[in-house]
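Enquirer: Can you read through this structure? Questions will come right after.
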Amino acid sequence: MLVKPAPGLLIRDPDLKDFLPAEGRDVPETPYWTRLLHVYGDVVPANPPAATPPNAEEA
1122 MLVKPAPGLL IRDPDLKDFL PAEGRDVPET PYWTRLLHVY GDVVPANPPA
1172 ATPPNAEEA
């Protein structure tokens, strides 16, 4: 699931031992992340990055 920190928060990723980036990260759907999302509201769903269209000049 793709999540990002709620505004104003720094959330530690226990697997990677760093902070969740502001733009979000794909994390496993474990009890830890599910609890932060649904119970505490410390993380919010993040939008996937926009797909870049293929460059027409390369063809």
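For the record, in the sequence shown the residue sitting at position 38 is 1159 according to the working numbering, with numbers rising by one throughout.
Idealized CB from N, CA, C, for every residue including glycine.
Fair warning: this is a prediction, and the values are worked out from it, not measured in the lab.
Going by C-alpha distance, which of 1150, 1143, 1153, 1156 is nearest residue 1168?
Expert: Taking the sequence shown and counting its residues from 1, one reaches residue 1168 at position 47. Taking only the C-alpha atoms, the option nearest residue 1168 is 1143.
Enquirer: Determine the burial state of residue 1146: buried for a count of at least 16 other Cβ atoms within 10 Å of its Cβ, exposed for fewer.
Expert: Here residue 1146 refers to the residue found at position 25 when the sequence shown is read from its first residue. Buried, since its Cβ has 16 or more Cβ neighbours within 10 Å.
Enquirer: State yes or no: is the C-beta of residue 1135 within less than 8 Å of the C-beta of residue 1153?
Expert: Taking the sequence shown and counting its residues from 1, one reaches residue 1135 at position 14. Taking the sequence shown and counting its residues from 1, one reaches residue 1153 at position 32. Yes, the pair counts as a contact, with Cβ atoms nearer than the cut-off.
Enquirer: Considering Cα atoms alone, identify which of 1175, 1176, 1164 is closest to residue 1141.
Expert: Here residue 1141 refers to the residue found at position 20 when the sequence shown is read from its first residue. Nearest C-alpha to residue 1141: 1164.
Enquirer: DSSP state of residue 1152, grouped into three classes?
Expert: Translated into the one-based positions of the sequence shown, residue 1152 becomes position 31. Here residue 1152 sits in helix by DSSP.
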